[in-house]
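Start counting the sequence shown at 54; every next residue gets the next number (the numbering used here).
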Amino acid sequence: MPGVKSPETKQIPVREHLFTLPELSGESPKLIGIKCNKCGEVVFPRKTICPNCCSNDVKEMLIGPQGKLYSYTVIYQPAPIGYKGPVPYSIVKVEMPEGLRITGHATVNSPAELKIGMKMELIIDKMFSDTNGNDIIGFKFKPVK
Ligand SMILES: [Zn+2]
Numbered sequence: 054m055p056g057v058k059s060p061e062t063k064q065i066p067v068r069e070h071l072f073t074l075p076e077l078s079g080e081s082p083k084l085i086g087i088k089c090n091k092c093g094e095v096v097f098p099r100k101t102i103c104p105n106c107c108s109n110d111v112k113e114m115l116i117g118p119q120g121k122l123y124s125y126t127v128i129y130q131p132a133p134i135g136y137k138g139p140v141p142y143s144i145v146k147v148e149m150p151e152g153l154r155i156t157g158h159a160t161v162n163s164p165a166e167l168k169i170g171m172k173m174e175l176i177i178d179k180m181f182s183d184t185n186g187n188d189i190i191g192f193k194f195k196p197v198k
């Protein structure tokens, strides 16, 4: 995991059951989604009911770690409420081989570093610090060189 800190600094996922946290270094994180057993829809984040056909016959499916950049935007103003990360920041849409597009942050914040169609890899990274100094971690997409 990137940025190992002192033992007092905890790393807290921004939301539970959003992604895996590999215990072994070198293993890639994955997003936790579902696949519908009735219609085949793949959905992220995880839900108990398929949003496509309303079936509750769904099973957990791990998504990632690689996909292709479908679209992006670079934002130079802080988001109105609740956003605590750095500015500018990028929001990307990444097409995953599992058949869905995931929206998330990128590790780079310049249009010069992003190209539609480029390979992007999922990583877990610090999003911001909470009031106790803990790292709030989430998933981001990093361009594959
Ligand atoms: Zn379905």
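C-beta: ideal position from N, C-alpha, C; glycine also.
8 angstroms Cβ cutoff met for residue i and residue j
i	j	result
residue 115	residue 168	no
residue 88	residue 63	no
Top-ranked residue by Cα proximity to residue i, from the options
i	options	result
residue 125	159, 137 and 149	159
residue 127	119, 166 and 120	166
residue 174	74, 120 and 97	120
Supposed close pair residue i, residue j - CB separation, criterion 8 angstroms
i	j	result
residue 145	residue 181	Not a contact, Cβ separation roughly 18 angstroms.
residue 109	residue 94	About 13 angstroms separates the two Cβ atoms, so there is no contact after all.
residue 140	residue 172	Between residue 172 and residue 140 the Cβ distance is about 26 angstroms, and since that is not below 8 angstroms, they are no contact.
residue 98	residue 190	With 8 angstroms as the limit, residue 98 and residue 190 do not qualify as a contact, their Cβ atoms being about 16 angstroms apart.
Buried versus exposed, by CB contacts within 10 Å (16 or more), residue i
i	result
residue 129	exposed
residue 103	buried
residue 86	buried
residue 84	buried
residue 155	buried
Length-filtered (3 minimum) beta strand (DSSP E) runs lying within the segment 54-130:
64-66, 84-89, 111-116 and 119-128
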